[in-house]
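Student: In the working numbering, the protein residues as written are 353 to 722.
We treat Cβ as the ideally placed atom computed from N, Cα and C, and that holds for glycine.
The structure is given below, and queries will be raised subsequently.
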Ligand code: SF4
Ligand code: SF4
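Structure, rendered in structure tokens:
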């Protein structure tokens, strides 16, 4: 590829780095190889002219018509990019019953990476892992508002604790107009690497417009609410960590095992509990605990160890999933509600706007501007 071709990917990297979840450069340049997998040079030029806020085609066309394409050709390109999982698509319902299609840039994760369920290769996953190590883990964890939160297993919450409606999975599924399920990309990656992940594979939920997107991209299938509850029940029995997007109305719900790329990367950091929002924490009653280690095996965060035949929980690692609570034969672990409840933003657009506000606030502080 000539210099001009490479330059377009560097410009795209710099553009994506201005998103709420950025896309920083590395010394190795691995981020450019990832972009080449996700975008052709023309697609990169179009993505460079898009925003992280969803907008209609006509707005994007104003910025790209100098490339010599018609609005129809742009629409075709945007659809190809959407199917490839390099951009997002949203639908704005209008008062007259019609809807307007909107497109937007996507962060690498949660976003472009997870949309590669049907396209992932061993090489792409290895590049993604290298990029995680070199730059993206730090970027992902640097936002002051988290992308993910944990919803504890319902049975693990004592009746005296009031559960907010957004912390009830039943509400998310009951309110959904449509639900889709798809295979977990981390599970697929493990297959490609000949590593074994023993957890169930089909366990990633999307709702409403995102469910339609997953089906249109070819990796999701629509399911009924009953099937969604049945898959969720199995996921909880397997001890998977239930993690929706950090919004009152999340567009996706991940059920993560310890192979999960984001969970395993967050585990490598000092204070995982700060990086996944949860309104709960755990406490062990040392008088009831018999040191049987059941909870230890169940915890995906390796947050528990046994000392003098009693389970001890590392509060910096615990993300309040409740898996240990439901598995304890002695009912020695309890989930407690934190004093200060964190109320999630309404939806992913509000989440991204909040992340941007916090980033701007930090930059102002760094520059000494009040
Ligand atoms: S499962 Fe319960 S009894 Fe067993 S070690 Fe854990 S807290 Fe203690
Ligand atoms: S100790 Fe582990 S299993 Fe228990 S709530 Fe915390 S993260 Fe979940």
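Under 7 Å from any heavy atom of ligand 1, does the C-beta of residue 379 make it?
Tutor: no
Student: Within 7 Å: the Cβ of residue 653 and any heavy atom of ligand 2?
Tutor: Remark: the C-beta of residue 653 is in contact range of ligand 2, defined as less than 7 Å to any heavy atom.
Student: Determine, using beta-carbon pairs with one atom in the region 390 to 408 and one in the region 482 to 490, whether at least three such pairs fall under 8 Å.
Tutor: no
Student: Use the C-beta contact count for residue 577: other C-beta atoms within 10 angstroms, 16 or more gives buried, fewer gives exposed.
Tutor: That one is exposed.
Student: DSSP state of residue 704, grouped into three classes?
Tutor: helix
Student: Using a Cβ-based criterion (distance less than 7 Å to any ligand heavy atom), does residue 675 qualify as near ligand 2?
Tutor: yes
Student: State the Cα-Cα distance for the pair residue 602 and residue 524, rounded to the nearest angstrom.
Tutor: 8 Å
Student: Please report the distance separating the alpha-carbon of residue 528 from that of residue 465.
Tutor: Straight-line measurement puts the Cα of residue 465 at about 24 Å from the Cα of residue 528.
Student: So what does residue 440 bridge to, in DSSP terms?
Tutor: By DSSP's assignment, residue 440 forms a beta bridge with 456.
Student: Could you give the uninterrupted runs of the alpha helix (DSSP H) lying entirely in the region 647 to 711, keeping only those of 4 residues or more?
Tutor: 675 to 679
Student: Would you mind sorting residue 655 into buried or exposed? The rule is 16 or more other CB atoms within 10 Å of its CB.
Tutor: buried
Student: Would you give the residue range spanned by the alpha helix (DSSP H) that residue 394 belongs to?
Tutor: Residue 394 -> alpha helix (DSSP H) spans 393 to 400.
Student: If I measure Cβ to Cβ from residue 661 and keep anything under 6 Å in the same chain, skipping five residues before and after, which residues do I get?
Tutor: 643
Student: For residue 671, is the beta carbon positioned less than 7 Å from some heavy atom of ligand 2?
Tutor: yes
Student: Under 7 Å from any heavy atom of ligand 1, does the C-beta of residue 643 make it?
Tutor: For ligand 1, a non-hydrogen atom lies closer than 7 Å to the CB of residue 643.
Student: Spatial neighbours of residue 480 within its chain, please: CB distance less than 7 Å, with the 5 preceding and 5 following residues excluded, ordered by chain position.
Tutor: 386 and 465
Student: Roughly how many angstroms lie between the CA atoms of residue 482 and residue 652, to the nearest whole one?
Tutor: 23 Å
Student: Tell me, to the nearest whole angstrom, how far the beta carbon of residue 471 is from that of residue 437; I am working on the premise that it is less than 8 Å.
Tutor: 7 Å
Student: On the DSSP bridge assignment, give the partners of residue 559 in chain order.
Tutor: 531
Student: At what residue ranges does the region 590 to 620 contain a whole run of the alpha helix (DSSP H), taking only runs of 4 or more?
Tutor: 613 to 619
Student: Between 444, 558, 672 and 410, which has its C-alpha nearest residue 572's C-alpha?
Tutor: The candidate whose alpha carbon is nearest that of residue 572 is 558.
Student: Any heavy atom of ligand 1 within a distance shorter than 7 Å of the CB on residue 681?
Tutor: Checking the Cβ of residue 681 against ligand 1 gives yes.
Student: Compare the Cα-Cα distances from residue 632 to each of 605, 609 and 670 and report the closest residue.
Tutor: 670
Student: Excluding the 5 residues flanking residue 605 on each side, which residues of the same chain have their C-beta closer than 6 Å to its C-beta?
Tutor: Once the five neighbours on either side are set aside, the close Cβ partners of residue 605 are 557 and 596.
Student: Please state whether DSSP places residue 424 in a helix, a strand or coil.
Tutor: helix
Student: Where residue 665 and residue 446 are concerned, what is the direct C-alpha to C-alpha distance, given to the nearest angstrom?
Tutor: 50 Å
Student: Roughly how many angstroms separate the alpha carbons of residue 699 and residue 500, rounded to a whole number?
Tutor: 12 Å
Student: Identify, in the order they occur along the chain, each residue of the same chain with its Cβ nearer than 6 Å to the Cβ of residue 663, setting aside the five sequence neighbours on each side.
Tutor: 636, 641, 647 and 656
Student: What do you reckon, are the CB atoms on residue 538 and residue 612 nearer than 8 Å?
Tutor: Yes, the Cβ-Cβ distance between residue 538 and residue 612 is below 8 Å.
Student: With the cut-off set at 8 Å, would you say residue 627 and residue 593 are in Cβ contact?
Tutor: no
Student: Rounded to whole angstroms, what is the Cα-Cα separation between residue 618 and residue 484?
Tutor: 11 Å
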